[in-house]
Amino acid sequence: MTQFVELKKTDRKFEIIDSLDKIIELFQQNINNLTLHVKYDIQKTVVQISNILDDKSIDIVTDPNFQPENNKITVYGLLDRYFEIIFEVAETKGPGFFRCVIKKFQRAADVRKELRLKVNPEQVMASNFIVSKHAIDISNYKIPTTIKVLLDQFHSENYNFSDIFRVDVFSQDDPILDNIKKTKKIFFIEDIGNPGTFKSAGEEIIDIQELFGDRLHDHIMRYNEKGYKSIIIAPVIYITDAGAQIPFAHVQAVSKSKILTMEDVSLLKGLLIKLVNRIKDANTVYVQTNQQIVNLSRSGAKLYITDENLKKYFQTTKGFLFNIVFKLQAPVTIYCEIKNMFQDDEGNIFVGVVFAGHSSRKDEMKRYYSFLDPIIKSYKDQLLQQRKKILKQPPRSVDK
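In this text, residue positions in the sequence shown follow the numbering used here: the first is 23, and each later residue adds one.
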């Protein structure tokens, strides 16, 4: 049987139900609406509860070729919430027919009523992945070496912009840099010797009088002592695939010889836009490949990844952009975040994702829903017919 290794998982809150009576009652109340599947199984093998015995053991029926691993069967299902059960096999009563005892029952703390729809490559595929090689984490004030190289190049190309020109990541406990990082605005003093220029020059410029308050005079005196005439400190803002703005570095331009104006601020902004585009290109990999979608819901999906590049980059990225291609339809471009990831014994990975955004094309999610909802309706109709058929069948008996 295929082995799975957990590679990545976000925290998901579960509640454990220890009472067997409560679990059995839950089963009995929902026996006609209960569909279970073997966890981590790409085929989504169905498990049916055949009988609940007085001693609280349970007979389950599944595929005749199914073999439990280590005498245990882990299944999952969805009632008002997602839940998981670990069954321990007490007796094998026939091919795909087991008498089990419940070893663990846990269900999600949050309600999730969305149906996860099993799909096949003939219906829908995943394609054209856009993945960041590195996740930029500003919380630890460190950036990947490849991006640090680009910052160093930017400094070398523009060091003549002003008398003092620095490029660095944000440091801690600096009130000016903290404010820049928080507001994503530019710190700008046009003429340190002219208090008339201390007022904010626009919405994108920090109001230094508001920032420093009663300490403004002390800061201006300190700048005068250093011989500064003008100061510009601007954030380097990385734009993720999801559209999030991450200020992870800053550029300081200090002049001792001339006055820097708003034209210089605009020039520096233009240089930083080009820098961010270079970082984006260097930090992004485009993988043109088709990969299998195992299941879909209105808010997420499970993918089966065999491409070596994707397997490598998914280890470090938090999310990615990709196309969902329904048969005979134009691609839908969606950004997703990785929630969990498991590797099978062939080295391929299952990736559970939640849709966190969409591309700039208008109404992408509406298009996605318009393609998915008819498939969901057809699936529900088939499921209803299967349940009706099961209910009409006589109870399964086994000779002892």
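Where is the CB? At the ideal position from N, CA and C, for every residue including glycine. It should be emphasised that the depicted structure is a prediction, and the values quoted were computed from it without experimental measurement.
Taking residue i as the reference, which of the options has the closest Cα?
i, options, result
"K399", "N370, R320, I346", "R320"
"V107", "G118, K115, I82", "According to the sequence provided, residue 107 is Ile. The question's Val does not apply to it. With distances taken between Cα atoms, I107 lies closest to I82."
"Y260", "N87, K203, K66", "K203"
"N87", "K78, F120, E110", "F120"
"I124", "D40, E144, G218", "D40"
"K349", "M147, D77, N92", "M147"
"F183", "K248, E113, N92, E285", "E285"
"Y104", "K61, T219, Q194", "K61"
"F176", "E110, V298, T355", "V298"
"Q314", "I327, A304, D367", "I327"
"G118", "P90, Q145, A304", "P90"
"G369", "L293, V111, T262, N331", "N331"
"Y357", "Q404, K302, T262", "T262"
Does the beta-carbon of residue i have 16 or more other beta-carbons within 10 angstroms, so that it is buried, or is it exposed?
i, result
"V287", "buried"
"S279", "exposed"
"G116", "exposed"
"G374", "buried"
"Y181", "exposed"
"Y308", "exposed"
"P197", "exposed"
"S178", "exposed"
"N216", "exposed"
"D76", "exposed"
"P143", "exposed"
"P396", "exposed"
"N92", "exposed"
"N305", "buried"
"K422", "With a pLDDT of 42 at K422, under the threshold of 50, the modelled position of that residue is not reliable, and no figure is offered here."
Looking only at its own chain, which residues have a Cβ that is under 7 Å from the Cβ of residue i, when we skip the five neighbours before and after it?
i, result
"R300", "L172"
"Q351", "F393"
"I281", "E212, D213, K251, S252"
"N246", "I214"
"I242", "I214"
"I335", "Before going further, note that residue 335 is Tyr rather than Ile in the sequence given. Once the five neighbours on either side are set aside, the close Cβ partners of Y335 are V153, K155, V307."
"E359", "K340, G341, V375, V376, A378"
"L42", "K78, I124"
For residue i, I'd like the list of residues in its chain whose CB is within less than 8 Å of its CB, leaving aside the five on either flank, ordered along the chain.
i, result
"L137", "L100, S319, I398, Y401, K402"
"T338", "K155, H156, A157"
"H59", "K66, T67, V68, V69, V97, Y98, G99"
"F442", "A query on residue 442 cannot be resolved here, the shown segment of the chain reaching from 23 to 422 and no further."
"P353", "S149, N150, N345, I346, V347"
"A271", "I165, L173, V189, D190, V191, F192, P257, V258"
"D229", "K221, S222"
List the DSSP bridge partners of residue i.
i, result
"Q128", "I38, E106"
"M147", "Q314, V347"
"Y390", "Paired residue(s): none; Y390 is not in a bridge."
"E330", "Paired residue(s): none; E330 is not in a bridge."
"S252", "S277"
"Q267", "I261"
"I58", "One point to set straight first is that residue 58 is Leu, not Ile, in the sequence displayed. Beta-bridge pairing links L58 to V69."
"R300", "DSSP lists no partner for R300."
"V141", "Partner(s): none; V141 has no beta bridge."
"I152", "Y308, L343"
"K94", "E91, E110"
"H272", "D190, P257"
Would you kindly work out how many angstroms separate the C-alpha atoms of residue i and residue j, rounded to a whole number?
i, j, result
"K44", "L325", "34 Å"
"K388", "V347", "14 Å"
"I295", "S222", "22 Å"
"T84", "K340", "36 Å"
"E9", "T168", "No information on residue 9 is available, as it lies outside the stretch 23 to 422 that the chain covers here."
"V420", "Y391", "In this predicted model, V420 has a pLDDT of only 45, less than 50, meaning its place in the structure is not dependable; the value taken from the coordinates is given anyway. The straight-line gap from Cα to Cα measures roughly 45 Å."
"K206", "G224", "13 Å"
"N317", "K94", "24 Å"
"I371", "L290", "44 Å"
"F16", "T283", "Any question about residue 16 goes unanswered here, given that the chain covers just 23 to 422."
"A266", "Q407", "45 Å"
"G322", "K333", "19 Å"
"L376", "K140", "Correcting the residue type first, residue 376 is Val in the shown sequence and not Leu. In a straight line, the C-alpha of V376 is about 16 Å away from that of K140."
"V273", "E386", "37 Å"
"D200", "I254", "15 Å"
"D367", "D63", "12 Å"
"Q194", "E47", "55 Å"
"E113", "K78", "14 Å"
"I268", "K126", "42 Å"
"L293", "L343", "27 Å"
"I227", "Q145", "51 Å"
"K170", "R237", "34 Å"
Closer than 6 Å by C-beta to residue i: which residues in its own chain qualify, once you throw out the five before and the five after it? Chain order, please.
i, result
"T311", "D329"
"I186", "V276"
"F109", "I95, C122"
"F234", "H241"
"R418", "The predicted position of R418 is uncertain, since its pLDDT is 48 and thus under 50; no value can be drawn from it."
Are the C-beta atoms of residue i and some chain D residue less than 8 Å apart?
i, result
"L297", "Among the chains in the structure shown there is no chain D, since it carries only a single protein chain."
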